[in-house]
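Quick note on numbering: the sequence shown equals residues 42 to 141 in the working numbering.
Each residue gets a CB set at the ideal place from its N, CA and C atoms; glycine is no exception.
The structure presented is a predicted model; accordingly, all values stated were derived computationally and were not measured.
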Amino acid sequence: MYKHLTPEVIYLMIGTACSFVMAYLRSTKRKFMAKICEALTCSMLSSALILISEYYFKWPLELGVAIGTFVGFLGSDYISLKIKQVINLKVEGKSDDESK
42 MYKHLTPEVI YLMIGTACSF VMAYLRSTKR KFMAKICEAL TCSMLSSALI LISEYYFKWP
102 LELGVAIGTF VGFLGSDYIS LKIKQVINLK VEGKSDDESK
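So, in structure tokens, the structure goes:
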């Protein structure tokens, strides 16, 4: 019945859940949808890194979970910072064009 629940899948689910919860708790002052988007971004980064570290680098799964969670935390913050910078550039560029 639960043949797909191998130890690898269980560690992957634990890492994804930990990343999601961590990102959600970190963004307590934001609106609900922003919290969910950040948490999903963090968990997707974590999941991808866990799989990459296990299958391509042949690292232990436990190390992959730790690295995935760490980079997921930093990565979602970095991505949101870059998106905000692009938006600010576009908004500032439009306001400069309108004033001429």
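Can you tell me which of V127, K76, L46, M54 puts its alpha carbon nearest to the alpha carbon of A89? Working through the sequence shown from its first residue, we reach residue 89 at position 48. That would be M54, whose Cα lies nearest to the Cα of A89.
Pair within 8 Å by beta-carbon distance, G113 and S94: If you number the sequence shown from 1, residue 113 lands on position 72. If you number the sequence shown from 1, residue 94 lands on position 53. No, the Cβ-Cβ distance between G113 and S94 is not below 8 Å.
Quick check on DSSP: helix, strand or coil for F73? Counting from 1 along the sequence shown, the entry for residue 73 is found at position 32. Of the three classes helix, strand and coil, the one that applies to F73 here is helix, per DSSP.
So does Y52 have its beta carbon nearer than 7 Å to some heavy atom of the ligand ATP? No copy of the ligand ATP appears in this structure; indeed no ligand is present at all.
For G134, count neighbouring Cβ atoms within 10 angstroms of its own Cβ and tell me buried if that reaches 16, exposed if not. Taking the sequence shown and counting its residues from 1, the one referred to as residue 134 is at position 93. Exposed, by the Cβ-count rule.
Distance between K72 and E79 (C-alpha atoms, nearest Å): As a working mapping, residue 79 is identified with position 38 in the sequence shown. As a working mapping, residue 72 is identified with position 31 in the sequence shown. Cα-Cα distance, rounded: 11 Å.
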